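These protein sequences, in sequence, are chains A and B. First residue of the first sequence: 1, per our numbering; consecutive thereafter. First residue of the second sequence: 1, per our numbering; consecutive thereafter.
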Amino acid sequence: MSIHLALLRSAGVLVPRQQRPEWLAEWSAELCYVRQVRASCAWAFCLGAFQDAFWLMRNKGRPRLLESPLQCGLLLALLAVASASIAWWQPSGRNAFLPSPYRDAESLVLISTGTLINPGISFADYQLLASSEQARFSALAFYQPTTTRVGAVSMSVALASGNLFQLLGIPVAGREDAARIVLSDRAWRKYFHRDPHIVGRVVAIGGQEALVAGVISADFWQLPGRADAWLLGNTPPSPEKGFALGHLRNSGIRPPADGFGIWIGVRSYDCESLAARARRPLFLFLTALAYACIFLSATTSLALGATRIRQWIFLLAKVTCILPILYCFAVLSFAYSGTAFGVLSFPAMFPGGFFMFRWIFEDQRRRCPVCLRLLSKPVGFGQASYTFLRWYGTELTCVRGHGLLRVPEIPSTYFSTQRWVCLDELCGSEISSQA
Amino acid sequence: MADDVKLTHTAAMILQAISAGYVYGFSVMEVTGLPSGTVYPALRRLESDDLIRSHWEKESIAEAGQRPQRKYYKLTNAGKATLEISQKRYPLLVRLVPPLEVGRA
């Protein structure tokens with residue numbers, strides 16, 4: 001087998017299986033004639049087979065979903081609405097926009113290791129903190145999510161110090177030193193059948209009795225660790241880690257937005273205000289957006305050559321639809337931080353945002369300025385020039401015949417930018433757009 | 001169909017070449033000066049748009065000429081109509097692709 005035939009067979013791998021025998025037969029037959037007439041061109045001829053194979057591979061009869069601007073807009077709007085719904089459904093997604101339910105949330109700090117995996121603090125460290133950091137914190141509280149039996153059912157219960165809700169500014173009934181339980185509205189509905197007289201009743205929990213001190217909405221709990229109920233005044237002697245909450249003295253001074261660190265014994269802990277923590281998805285989103293804009297301006301030409309208002313409206317609509325998708329990414333990576341999904345989605349969010357915006361600009365450049373439909377029927381034109389002086393590139397056309405777009409493969413002084421050539425009276429004069 | 005299909009200049013030139021009697025890929029390449037990577041994908045697209053139709057020549061004819069079988073292309077009615085529209089759009093098309101001399105196919 002000659003090297004030329006080997007090239008053809010290599011290109012044939014890209015061709016869909018059903019078309020491959022006929023495709024190979026045609027190219028092999030043509031190669032015979034090329035060898036007879038222009039043997040020196042056989043190499044270039046065989047390299048063209050790859051372009052043909054790529055074309056067949058890309059055009060396997062798939063519908064072009066985004067061809068029409070309406071379809072593209074609807075699909076993006078659908079994705080945007082779905083993303084916005086998911087983001088709003090996540091408490092961390094909506095809390096970023098809603099006022100904090102906690103009193104003085106700027107001065108309330110969550111004390112944790114700051115790591116994604118196992119970020120809690122041990123009870124022994126909390127006790128050390130309570131004795132050593134009185135100058136910094138006016139009050140401290142501790143809670144530890146666990147699973148305990150309440151009556152006949154097993155529930156997620158946070159064992160917490162008696163002042164937890166007082167520190168958060170959520171009023172609950174009962175004395176601080178007595179064993180009390182606060183139920184989430186979900187647990188109240190599910191396990192106590194919406195009993196309107198539940199507050200004040202005594203329930204058995206983990207072998208002891210506790211007074212039901214209140215029922216709170218799930219939206220009130222914006223701290224890490226899921227809980228159906230909070231058992232107050234029963235500080236756990238368990239070796240498991242929990243979370244510490246502190247109220248800073250000098251509440252007139254806001255803690256730094258990115259938090260601060262403290263040392264407890266030999267370990268360092270991060271302190272982040274609850275207000276900053278609630279805004280973190282928004283901060284992540286804005287950071288990803290800023291990264292996308294910086295990388296976009298560094299790697300992609302932002303010039304679109306758009307001259308019509310409809311082009312700008314379409315561009316704006318696409319950007320508007322992409323923003324909720326990116327925000328949804330930020331919310332999910334924050335909500336699931338510590339899990340495999342969170343670990344993967346956090347670093348993926350930054351290139352994801354960049355590629356989404358890059359796609360917007362590239363898609364915009366491949367659309368007809370008159371009807372905004374995606375240009376189609378790409379034709380590779382010319383051959384790579386050894387001197388870079390001859391232009392070669394791709395020619396695309398509007399399916400409605402408004403014009404042609406010529407895109408140079410390598411920008412040269414002669415043909416540095418893609419050019420739109422009007423073929424329709426609707427189009428007016430020739431428009432050049434920057435590549 | 002013919003009214004709906006708008007061709008690029010290159011695709012119209014290939015259609016014109018087939019109409020002028022250059023009925024297989026290599027001859028289209030020769031007359032238009034376009035490379036194989038342009039001509040063959042364009043032929044596939046024109047065929048998928050029903051503007052041209054392909055068929056293999058008879059094996060007996062190829063054997064008689066001691067050469068491999070060729071795949072020939074031919075304009076459909078829709079292709080002829082589209083070519084007429086394209087000729088109005090690109091007036092130099094006919095001059096760019098001269099008609100095939102008799103006996104050179």
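Idealized CB from N, CA, C, for every residue including glycine. The structure displayed is predicted, hence computed values, not measured ones.
In DSSP terms, what residue i is bridged to
| i | result |
| --- | --- |
| Met-155/A | Thr-148/A |
| Asp-270/A | Ser-112/A, Gly-261/A |
| Leu-245/A | Leu-110/A, Ala-141/A |
| Ser-184/A | Ile-216/A |
| Cys-422/A | Gly-403/A |
| Val-203/A | Ala-210/A |
| Trp-56/B | Lys-71/B |
Residue environment, residue i, which counts as buried when at least 16 other CB atoms sit within 10 Å
| i | result |
| --- | --- |
| Cys-32/A | exposed |
| Ser-60/B | exposed |
| Asp-125/A | buried |
| Arg-104/B | Summary for Arg-104/B: the model assigns pLDDT 48, below 50, so the residue's position carries little reliability; its value from the coordinates is reported in the next sentence. Its Cβ having fewer than 16 others within 10 Å, Arg-104/B is exposed. |
| Gly-436/A | With chain A running from 1 to 435 in the structure shown, residue 436/A is simply not present. |
| Met-155/A | buried |
| Arg-367/A | buried |
| His-9/B | buried |
| Thr-436/A | Nothing in the structure corresponds to residue 436/A, since chain A is present only between 1 and 435. |
| Gln-18/A | exposed |
| Leu-57/A | The identity of residue 57/A in the sequence shown is Met, whereas the question assumes Leu. By the neighbour-count rule (16 or more Cβ atoms within 10 Å), Met-57/A is not buried but exposed. |
| Glu-430/A | Its pLDDT being 45, under 50, Glu-430/A is placed unreliably by the model, and nothing is read from it. |
| His-197/A | exposed |
| Gly-33/B | exposed |
| Glu-272/A | buried |
| Pro-281/A | buried |
| Leu-51/B | buried |
| Ser-432/A | Because Ser-432/A sits at a pLDDT of 45, beneath the cut-off of 50, its placement in the model cannot be relied upon, and the following sentence gives the value as read from the coordinates. Classification for Ser-432/A: exposed. |
| Leu-75/A | exposed |
| Val-182/A | buried |
| Asp-219/A | exposed |
Whole-angstrom C-beta distance between residue j and residue i, which should lie under 8 Å
| i | j | result |
| --- | --- | --- |
| Ala-87/A | Tyr-327/A | 5 Å |
| Val-172/A | Gly-214/A | 4 Å |
| Ser-268/A | Gly-259/A | Actually they are not in contact, since the Cβ atoms of Ser-268/A and Gly-259/A sit about 12 Å apart, beyond 8 Å. |
| Leu-323/A | Gln-90/A | Contact flag wrong, Cβ pair sits at about 16 Å. |
| Tyr-73/B | Tyr-24/B | 7 Å |
| Gln-144/A | Gly-242/A | 3 Å |
| Lys-6/B | Thr-397/A | 6 Å |
| Gly-353/A | Leu-289/A | 6 Å |
| Leu-83/B | Leu-15/B | 5 Å |
| Ala-105/A | Leu-274/A | 4 Å |
| Ala-75/B | Ser-19/B | What sits at residue 75/B in the sequence shown is Leu, not Ala. Right, the Cβ-Cβ distance comes to about 5 Å (below 8 Å), so this counts as a contact. |
Residue i to residue j span [Cα, whole Å]
| i | j | result |
| --- | --- | --- |
| Ala-44/A | Pro-408/A | 20 Å |
| Ala-11/A | Ala-53/A | 6 Å |
| Arg-365/A | Leu-304/A | 6 Å |
| Arg-186/A | Val-212/A | 15 Å |
| Pro-41/B | Gly-225/A | 59 Å |
| Leu-5/A | Ala-42/A | 10 Å |
| Ile-170/A | Val-202/A | 21 Å |
| Gly-65/B | Ala-298/A | 60 Å |
| Gly-174/A | Ala-292/A | 52 Å |
| Val-31/B | Ala-12/B | 13 Å |
| Cys-321/A | Asp-363/A | 14 Å |
| Ala-178/A | Gly-233/A | 6 Å |
| Met-349/A | Glu-57/B | 56 Å |
| Leu-316/A | Ala-84/A | 18 Å |
| Thr-38/B | Ile-325/A | 39 Å |
| Pro-411/A | Thr-417/A | 6 Å |
| Ala-204/A | Gln-71/A | 59 Å |
| Ala-229/A | Pro-239/A | 20 Å |
| Ala-96/A | Ala-82/A | 18 Å |
| Leu-109/A | Glu-176/A | Here residue 109/A is Val; the residue named in the question, Leu, does not match the sequence. One C-alpha to the other measures close to 21 Å. |
| Ala-335/A | Arg-189/A | 24 Å |
At least three beta-carbon pairs within less than 8 Å, the region 242-249 of chain A to the region 136-153 of chain A: They touch, by the three-pair rule.
Would the region 68-79 of chain B and the region 23-37 of chain A be scored as touching if the rule is three or more Cβ pairs under 8 Å? When Cβ pairs closer than 8 Å are counted between the two stretches, the region 68-79 of chain B is seen to touch the region 23-37 of chain A, the count reaching three or more.
Between the region 90-105 of chain A and the region 340-356 of chain A, can you find at least three pairs of beta-carbon atoms closer than 8 Å? Contact fails: fewer than three Cβ-Cβ distances are below 8 Å.
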